[in-house]
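Visitor: All you need for this note's numbering is the position in the sequence shown, starting with 1, plus 222.
Would you mind keeping the following structure in view while I ask a few things?
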Amino acid sequence: MRCITVSGESQPVLPLGVELARATPAASPSVIVKIAQESSKSTQRKKGKTPKYTTHGPSRRMVLIQFKLGEDVPALNADRLRTGVNKALVQSQSTLRIESRDFAYGGYSLHMNGVATQQELDVLRGVIIAICVEAGYKGQPWVGLPQSMSYLKIRNAPYFRDSDLSVCTTPVDIINAFRASPLGDWFKPAAPARIDRESKASTSATVYLNIWDSTSGSNANALINNR
């Protein structure tokens with residue numbers, strides 16, 4: 223087994239927007255700009271110790287619906303979501319309501335009129351899972367509040383996954399390897415991994431990862447410190 227090194231992007235050489243574009247290949251230009259702006263603001267704050275490789279997430283007045291990487295995202299009708307969720311919230315005597323639904327982060331984002339409590343998230347989760355089943359989705363989506371995001375890279379990762387050097391390592395291989403490892407508890411992927419071969423003749427690659435994290439970068443710190 224080849225030894226690999228996990229590190230945070232703590233000393234960017236290129237402008238932040240370029241670094242984020244490379245580290246977040248699945249993100250749209252508008253998302254990259256927003257992340258860069260949030261990161262710039264965070265460096266100006268005197269309080270807190272947010273690592274340079276961790277950025278603050280979107281508004282917590284959103285609820286995210288996410289699916290396992292590599293799976294097809296089911297088509298969830300916006301009206302069905304809004305009606306079903308709001309009806310369940312009314313029945314639970316909650317004043318929280320869905321105002322709109324968008325596509326975001328490889329799934330859906332529900333824009334709410336407030337920040338959901340854990341009890342309200344449980345109500346939302348039950349309704350959303352039922353609606354996903356109606357849409358033909360057999361898995362179990364993740365439903366929760368937005369988190370911060372950390373950007374990491376793995377150096378000296380194997381570019382091939384077989385001894386004959388004929389089958390390339392895929393983003394799914396990277397995700398599955400982390401989930402099956404002792405580091406799996408801290409590995410919460412936010413986007414498919416990006417694999418860059420170090421050279422045309424090299425058998426090694428650099429892997430860029432986006433993971434959901436706390437504002438203190440606890441998941442990223444655990445991965446870096448336990449490499």
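Ideal Cβ placement from N, Cα and C applies to all residues, glycine included.
Are methionine 334 and methionine 284 touching if we call contact CB-CB under 8 Å?
Guide: Yes, the Cβ-Cβ distance between methionine 334 and methionine 284 is below 8 Å.
Visitor: Starting from glutamate 356, trace the alpha helix (DSSP H) both ways and give me its first and last residue.
Guide: Unbroken alpha helix (DSSP H) run through glutamate 356: 340-356.
Visitor: Taking the beta carbon of threonine 265 as the centre, do at least 16 other beta carbons fall within 10 Å, making it buried, or is it exposed?
Guide: The predicted model places threonine 265 with a pLDDT of 47, which falls under 50 and marks its position as unreliable; any figure quoted below should be read in that light. So threonine 265 counts as exposed.
Visitor: Quick one: grab the DSSP three-state call for serine 372.
Guide: Of the three classes helix, strand and coil, the one that applies to serine 372 here is strand, per DSSP.
Visitor: Would you decide whether valine 307 is buried or exposed? Buried here means 16 or more other CB atoms lie within 10 Å of its CB.
Guide: Buried is the call here.
Visitor: Comparing alpha-carbon positions, which option in Ile397, Asn448 and Leu332 lies nearest tyrosine 430?
Guide: That would be Ile397, whose Cα lies nearest to the Cα of tyrosine 430.
Visitor: Is it buried or exposed for glutamine 313, if we count other Cβ within 10 angstroms and need 16 for buried?
Guide: Under this definition glutamine 313 is an exposed residue.
Visitor: Roughly how many whole angstroms lie between the Cα atoms of serine 440 and alanine 412?
Guide: Cα to Cα, serine 440 sits roughly 15 Å from alanine 412.
Visitor: Are the beta-carbon atoms belonging to phenylalanine 382 and threonine 425 less than 8 Å from one another?
Guide: Yes.
Visitor: Between the Cα of lysine 290 and those of Ser281, Asn299 and Gly328, spot the shortest distance and give me the residue it belongs to.
Guide: Closest option to lysine 290, Cα to Cα, is Gly328.
Visitor: Evaluate leucine 387 with the Cβ neighbour count: other Cβ atoms within 10 Å of its Cβ, from every protein chain shown; 16 or more gives buried, anything less gives exposed.
Guide: Exposed is the call here.
Visitor: Could you give the first and the last residue of the continuous beta strand (DSSP E) run that contains serine 331?
Guide: It spans 329-334 - the beta strand (DSSP E) in which serine 331 sits, taken as one unbroken run.
Visitor: Roughly how many angstroms separate the alpha carbons of arginine 347 and isoleucine 320, rounded to a whole number?
Guide: Rounded to the nearest angstrom, the two C-alpha atoms are 13 Å apart.
Visitor: Give the secondary structure of proline 393 by DSSP, where H, G and I count as helix, E and B as strand, and everything else as coil.
Guide: Note: proline 393 maps to helix in three-state DSSP.
Visitor: Suppose the cutoff is 6 Å on Cβ atoms and the five residues either side in sequence are ignored; what does the same chain contact list for tryptophan 408 look like?
Guide: Around tryptophan 408: Asn441, Ala444 and Leu445.
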